[in-house]
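In my numbering, the protein residues as written are 430 to 801.
Here the structure comes first, spelled out in structure tokens, and everything after it is commentary.
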């Protein structure tokens with residue numbers, strides 16, 4: 430500071446009479462204070478601009494990503510969107526640190542969601558609907574991947590048609606699951622009583638169902654893609670081809686809890702945008718999709734992947750639309766044993782805010798236009 434004063438007020442170096450010096454001393458002090466304030470102010474402004482410039486030029490993902498834990502309940506094409514998003518780097522694009530956990534049961538995945546062990550579930554609608562009817566009103570459906578059932582019942586050559594299933598053991602993944610519901614409905618439509626005419630065997634999951642069929646533990650199995658395509662390649666055949674039935678049912682939905690939306694609505698919104706982008710890839714980019722499916726299903730044969738993908742993609746929602754008739758089908762089924770289901774309406778279980786926002790903002794239109 431002395432050097433600054435020396436440069437600004439060289440006259441201060443001369444000492445005149447004592448009285449004049451006292452006056453000058455005060456003026457020098459004031460001048461020095463003014464220079465100090467200006468110097469520090471300039472330094473502060475420069476530092477502030479530097480910080481602001483650094484913040485505005487940092488990439489979006491330079492900040493700590495928001496953690497999101499998701500569960501999925503089946504090794505199926507309809508539940509592959511998070512796999513695609515991870516492989517394509519979409520989660521990073523939306524600044525999400527996403528962890529995906531496999532839980533081979535819609536009921537258990539729903540329980541995990543309710544318990545706060547997961548933020549979002551990609552699962553069958555039955556578990557969520559049953560829990561809601563039972564009082565878990567925090568649960569809410571925010572999107573759908575599949576609103577119909579496309580399961581099929583496959584058997585060996587000894588069983589020629591659906592009537593041949595009478596007295597046989599049919600494998601389903603779990604009692605109360607989508608495969609269980611489909612089997613019951615398909616048998617009823619064919620004139621068989623699912624409680625008296627067949628024995629339903631719970632195997633645990635799609636791979637386990639296929640393994641039980643190939644080992645002869647069960648006579649027939651209810652499966653979706655790619656399990657059914659694999660079974661066909663091993664000599665089994667369809668006795669009920671589900672895609673032709675097009676049974677309305679909330680087969681695969683995105684569910685979360687209302688408190689999660691209230692607390693982290695923006696995070697959930699970014700997740701849904703990531704899923705919308707993944708859905709677009711699933712429907713239009715076979716190369717990337719097959720790369721993901723090969724890794725997850727351990728299937729290298731493109732013909733086998735085609736046999737699984739081609740019929741399944743026709744049943745999937747390109748823009749994650751929720752269809753109320755699909756939820757109503759579950760309510761109707763549950764109401765046969767639980768009268769409380771009759772008081773619940775599909776819109777009690779749903780929240781369309783993210784789907785509506787993506788539509789109204791032009792996000793979906795731009796997404797499909799850009800990638801078409």
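Ideal Cβ placement from N, Cα and C applies to all residues, glycine included.
Asked, Found
"For residue 537, which of helix, strand or coil comes out of DSSP?", "helix"
"Start and end of the alpha helix (DSSP H) containing residue 657?", "656 to 662"
"Spell out a yes or no on whether the stretch 568 to 580 and the stretch 679 to 688 are touching, meaning 3 or more CB-CB pairs, one atom from each, closer than 8 Å.", "yes"
"Taking the C-alpha atoms as reference points, what is the distance between residue 625 and residue 595?", "9 Å"
"Near residue 704, which residues of its chain fall below 8 Å by C-beta distance, leaving aside the five closest residues on each side in sequence?", "510, 511, 514, 572, 683 and 749"
"With a 10 Å radius around its C-beta and 16 neighbouring C-beta atoms as the bar for buried, classify residue 785 as buried or exposed.", "exposed"
"I think residue 542 touches residue 500, with their Cβ atoms under 8 Å apart; what is that distance to the nearest whole Å?", "7 Å"
"Would you mind stating whether residue 547 and residue 634 have Cβ atoms separated by less than 8 Å?", "no"
"Hey, is the stretch 658 to 673 in contact with the stretch 719 to 735, meaning 3+ C-beta pairs nearer than 8 Å?", "yes"
"How many angstroms separate the CA atom of residue 528 from the CA atom of residue 796?", "25 Å"
"Considering only residues of the stretch 558 to 600, which uninterrupted beta strand (DSSP E) runs meet the minimum length of 3 residues and lie entirely inside it, listed in chain order?", "568 to 578 and 581 to 584"
"Which runs of the alpha helix (DSSP H) spanning at least 4 residues fall entirely within the stretch 656 to 702, listed in chain order?", "656 to 662"
"Spatial neighbours of residue 452 within its chain, please: C-beta separation below 7 Å, excluding the five flanking residues on both sides.", "Here residue 452 scores only 41 on pLDDT, less than 50, and its place in the model should not be relied on; the value that follows carries that caveat. There are no such residues."
"Residue 627 by DSSP, collapsed to three states: which one?", "coil"
"Express the C-alpha separation of residue 674 and residue 508 in angstroms, rounding to a whole number.", "21 Å"
"Check whether the stretch 769 to 785 touches the stretch 548 to 566, taking contact to mean three or more Cβ pairs, one atom from each stretch, closer than 8 Å.", "yes"
"Is residue 497 helix, strand or coil when you go by DSSP?", "strand"
"What whole-angstrom Cβ distance do residue 648 and residue 584 have, given they're in contact under 8 Å?", "6 Å"
"Measure the beta-carbon distance from residue 677 to residue 755 and round it to whole angstroms, keeping in mind my assumption that it falls under 8 Å.", "5 Å"
"Checking the sheet assignment: what are the DSSP bridge partners for residue 526?", "496"
"Assign residue 485 to buried or exposed, taking buried as 16 or more other Cβ atoms, counted over all protein chains shown, within 10 Å of its Cβ.", "Note on residue 485: pLDDT 44, under 50, position unreliable in the model; no value is reported."
"Look at residue 650 and residue 690 and say whether their C-beta atoms are less than 8 Å apart.", "no"
"Who are the Cβ neighbours of residue 504 in its own chain at under 6 Å, not counting the five residues just before and after it?", "635"
"On the DSSP bridge assignment, give the partners of residue 552 in chain order.", "682"
"Can you name, in chain order, every residue of its own chain whose Cβ lies under 6 Å from the Cβ of residue 792, other than the five neighbours on each side?", "none"
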